[in-house]
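Per our numbering, residue 84 is the first one in the sequence shown, and the count goes up by one each step.
Ideal Cβ positions, reconstructed from N, Cα and C, are used throughout, including at glycine.
From a predicted model like this one, the values you see are computed outputs, not experimental measurements.
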Amino acid sequence: MSFASKLAGVGRYCLMACLLLMLLLSAALWYVTTDSFQQMVRGRLIAALERATGGRVELSSFHAMPLRFQVEVRNLTIHGKEMTSELPLAHVDNLSAVVNLSSALGARLEFHSLTLDHPVVHVIFYPDGSTNQPAPKQQASADLTQLFSTLIDRLEVRRGELVMQDRQVPFEFFSNDVSARLNYSFLHRRYSGDAAVGKVETQFNGYRPVAWSGQSVFSIDSSGLQIQSLTAASGNSTLQARGTITDFSDPVFQGSYQLTLNLQQAGAIIRQAQLKAGTLEIQGAGSWSNKTFGTEGVFDLRDASWQDRNMNAKNAAAEGNFHFDPEKIQLSRVEGRLLRGNFSSEAEILDWQAFGKGAGKVKKEPRGTVRMQVKDLSVGDLLASTGSRFRSVGNLRLAGNLSGSSEMRWRGSLDNAEITASMNVTAPSRVVPGQTPLTANVRLAYHARLSSLEIVDLTANTAATQLRASGSLANSATSVRLSFASTDIREWQPIMSLVLTSGVPVNVHGRATFNGTAIGALSNLTIAGRVQLQDFDAAFGQDASSPPFHVDMLGTDLQVSSRNLNLRDGILQSGGTTLKLDGSVGLTGWNVTQASPMRLRLDIENAEAGELAAQFATDVRLTGRINAHLELAGTKSNPQAKGSLNWVNASVQDYRFDSVTADGTLDGTQLGFSNVELLRGQSRINAHGTYDLATKTFQINLAGTNFSLAELAPLQRSRVKLTGALDFTADVAGSRLRPDVNARLHVRGLKFKDEPAGDYWLDAVTHGDDAHLNGHSDFKTAQLIINGDVHLREQWPARIDLNFSRLDVDPFIESYLRSHITGHSSLAGNLVLEGPLRDPDHLIITGNLSELNAEVEKIKLHNGGPLQFSLSNKTLNINSFRIVGDSTNFSAVGAVQLTGERKLDVQMRGEIGLELVHSYDPDLSGSGRIKIESSLNGTLGSPLVHGTLQIENASLADITLPSALSALNGTLIFNQNQVTIQSLTAQTGGGSVSFGGHAELVGRQVNFDLKANADSVRLRYPPGVSSTATTTLQWSGSTAGSLLSGDVTVIKLGVTPGFDFGAYLQKTVQQSSLPQSDPVLNKIRLDLHVTTTPELQMQTNVIRLRGDADLRVRGNAAKPVLLGRAEPFRMSILKPPLGSRTMTLLCRSTVLPIARNLVIVPSRRCRPTTSSDCSRSAERVKNRPCCSRAASPLLASRPQRRCWLQR
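The structure is reproduced here in structure tokens:
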């Protein structure tokens, strides 16, 4: 046989063995689930439990789940020595366990989990000291038998009960890592064992679960129970104890203990959240028996904190001794710290077990005494430690040190307590900013059974306040005298806020006083007296931004109790305003309720309306004096009131009324007003209506007559003066969100800038959320119709059509063009407004003007087709715009953004006749045409222009100038912010002129460089002088400063007969000597070079002059300066005084320098000749100097000097 065949045979045997093993295992698993196996195990389990406990065991059923290693036992009962009718020793409704397989063959039984559902343990103590627990059955040759040893990973007990002597204690817990061991000694007949719990979560009825761990060592025999050690820990709390219980028939316990308790954790478990922090340590020893019990020891409390609605105490500490037995509870030698001070105390309660027992059942009644002494307790901390219930007291900023003693005694119950106290407060040596030092003395006694308070003396003082009280409060015949005075009531503002929720004085300059009495018992207290405040500022409005209201005096007699508040002779005075108040208000427990009855009377005299409006932080401007009367009755839930109002010299938003009167009523939630009348001269408004405060609905009827349009504030700001009379009626009903309005407005005698138009009617009707507008005119020739609908919800979407024809727009155009309108202007077309009225930025306006006629400076203009435009998304779109007229044809299309970046995109084209220049300046006249073709881009702030401007055969004249421009032709090119003169020529003064250069706009400044050339141009200036010159000029710079420079060559100069040259020069000098302040001319500097042609001739009817000149014009245009020289070298006197002959003066090297206004004529030599001796040689004549003077003598019409000729 080969090796392979042998290997195959072995494999078959192995496979058959595996199959057989699986079959046996399956059979075993099946057998475990059979009733016979479970009955067998049930019987063995009962026998084992009976052997271990010595009692009789009953077991209803046993189930095993082998694959899960889980067993389940139902209705397990162990009977002890108790009677059949009594509860058994132990019973479990259901026991479920998961067994640890590794411990199944060992001596210890281990469970992954063990769950007991409704376990009940019943322990009975018999008179002989024994219990109902039976003794285990003794095995042969065995002295010490281990009953059981177990380890449980997780133990859970549900709905557990421990019954001891018919006293039931419910409990539930689950625990991890539970181990227990119990041995029994047959020799000593004693149980001994130990138990340890890793983690237990226990919950007693009514409390929160508590997690703890513990361990103990104990032994039990017939004589008693010995606890060698017991240790338990839960969080930061620990318990250590030891002791013994002897004689189960009459058990006696003795032991010692040490407890450390975390108060915050304990408070959470017992549902006392007021315990916030602290640690309590107790060490003591105690005993207990059926006859007596007792314990005593010491305690130490550290860092305790308690917080509830009444108190918020922190960091309290105390230590002392305690004693507790059936006769008394005693605390002694207690000392501690609280509120940054010290205290000591002792307390004793005798016969405390008599509490709660009926009369006759006890021979003695309980009685107790508590004594306490305090020293240097902080008053500020004491006030701050009050809870939310006394929040107003806690906000008092008082500072002081409290010291004193108090004692409380009672007999029977605390309802009979008697308390006496003697306290004093001294001011601290150092005061925190914002606190008020307090000094006080208090001596009082309180009897709880009689509710009697006796104030022997109460005195309290601050820097601004004095408080005095003395007397007793026990019944209606007793009283306490109260006196309060303060010059700064802000110290007590937290308490005042309880009474005056608004309007607490913020700054008292005078005094606040109260003098009165408190009458009756504390349970039925009544306070009566006089309250008075002087010279203070108060804020009675609801807005913190309201200015303070100054009050000169406030006073009233009041009587207040828990049931009623009475005010009598109440008066408030502020300047000329007087407010009077009388009445009563019912109270329930010192509070006003919805059912509180009230009866009040209020009179307001001479109140300033503006001050009242300012107190309520309204933006409406009011003026005038108000007198009002109000009577209020009923309850808070159903008030009844009536009143009247009289308002004189009134104004609302600067719109004045002579008077306003009204009557009003209030019935529950129904507010009514009637006889409302507003008068203003001949204008009148009458109204009446109702308003429901609950449903917030109203019904109002209004009627107004004879209102002048010119007096309406919005129309007064218009450029167009509107006059006329307005009448209106309106019926309004519904709510603020859904009003129903039926209104009609009638404008009578409407005029635009004193031009009569006619009447106009406008109707407005609403139905639910929709409103319809309808208006029509009754003008002579024009017509204006308004028709539209508005949806009164959300943003109020609307569509309104305006149709007009032959509408006179002269007043509107004249408001912008002033006096340039010389004829009638009319307009026809329609406007459509669509969009949300509450959001004007998203309105869409579409316009279509079919007719436009206007006459501007006697130039008639009209539209050359429909003018169409729209306004949407803050952009003006020009769809069609063409204006034609005399020598005018202009059209434009494009878009203009009105907000944001304000972009421009407009194309313009047109022709304009220069005749229109006369419309802007009557001194100008012109002819010819200007053609424009351009596009406008950029923004409104920085526009960019592209295009051309052509001038064809134009002329331009100014009546103030001697010459005009004619044959003016040229082209100007616009490129963004720059304009360039491509070519520009003209004729003037018999010569030609050409212009060139460019200008540029940079921001708000204009930079330019312009040139002008003139050839043989004749200028008749000044009148009587004719000059012909050739010039080359350049003007460059900016609007901040510029320079005019160039050359001027005079080629001809002539003077008309009769021209007085000297008088003209004198007049020029006088004018130039005046100060010049023209800001434009001051910025133009001059640098002109003026020359003449050689041997320039000038002739008058008296002389003929020949010479030349070389001059410089400097300075500025406002005050030019002339510098240079003039050199006459031949002068002929045509009409000499020596006879009929002509005299000629030959002047050599004659120089006339000119500087500012001074002309200096230096020495000269002249040789006269006559016409009779021209053929002869001239006789030399030696001359003396003629003169050297200022210019003014030389400028006289008749020279004031003479030159003598000497031979």
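Give the secondary structure of residue i by DSSP, where H, G and I count as helix, E and B as strand, and everything else as coil.
i	result
V591	strand
I572	helix
A1095	strand
S1002	helix
R134	helix
D386	strand
G441	Because the pLDDT at G441 is just 47, under 50, the model does not fix this residue reliably, and the value given afterwards should be weighed accordingly. Three-state result, G441: coil.
Q1180	strand
P894	helix
P1245	With a pLDDT of 45 at P1245, under the threshold of 50, the modelled position of that residue is not reliable, and the figure given next carries that caveat. In the structure shown, P1245 sits in coil (DSSP, three-state: anything other than H, G, I, E or B).
N499	helix
D330	coil
L820	coil
I129	helix
A1273	Only weak support is given to the placement of A1273: the predicted model assigns it a pLDDT of 34, under 50, and the value that follows is read from those uncertain coordinates. Three-state DSSP puts A1273 in coil, outside helix and strand.
L981	coil
S606	helix
A793	helix
W435	helix
A1201	coil
A865	coil
By the DSSP assignment, the beta strand (DSSP E) with residue i in it spans what residues?
i	result
G968	R965 to G968
T464	In the sequence as displayed, the identity of residue 464 is Asp instead of Thr. No beta strand (DSSP E) contains D464, which is instead part of the alpha helix (DSSP H) from V462 to A467.
I768	S766 to D775
D29	Lying before the first or after the last residue shown, residue 29 is absent from the chain, which here runs from 84 to 1290.
Q677	No beta strand (DSSP E) holds Q677; DSSP gives it neither H nor E.
T1114	V1108 to S1121
S555	T548 to L556
G419	K411 to L421
F756	Q753 to R763
W295	V293 to D304
Assuming residue i and residue j make a contact with CB atoms under 8 Å, what is their CB distance in whole Å?
i	j	result
L856	F887	Contact flag wrong, Cβ pair sits at about 15 Å.
V175	L159	5 Å
L641	N649	7 Å
G707	S734	6 Å
P516	N484	In fact, because the Cβ distance is near 18 Å, the residues do not count as touching under 8 Å.
F336	W371	4 Å
G832	D823	About 31 Å; that fails the 8 Å criterion.
Q615	D635	In fact, because the Cβ distance is near 12 Å, the residues do not count as touching under 8 Å.
Using a 10 Å radius around the Cβ and a threshold of 16 neighbouring Cβ atoms, would you call residue i buried or exposed?
i	result
N319	exposed
L521	buried
E49	Look at the range of the chain in this structure, 84 to 1290, and you will see that residue 49 is not part of it.
Q1088	exposed
R876	exposed
D891	buried
S908	buried
S1110	buried
F952	buried
V830	buried
W493	buried
G968	buried
Between which two residues does the alpha helix (DSSP H) holding residue i run?
i	result
R354	Premise fails: R354 is in no alpha helix (DSSP H) and is neither H nor E.
Q698	A692 to Q698
G477	R474 to G477
Does the count of Cβ pairs from the stretch 941 to 950 and the stretch 975 to 986 closer than 8 Å reach three? Contact fails: fewer than three Cβ-Cβ distances are below 8 Å.
Between the stretch 716 to 736 and the stretch 675 to 683, do three or more beta carbon pairs fall short of 8 Å? Between the stretch 716 to 736 and the stretch 675 to 683 there are three or more C-beta pairs closer than 8 Å, enough to call the two in contact.
May I ask you to verify whether the stretch 470 to 479 touches the stretch 499 to 507, counting CB pairs closer than 8 Å and requiring at least 3? Contact annotation: the stretch 470 to 479 does not touch the stretch 499 to 507, with fewer than three C-beta pairs closer than 8 Å.
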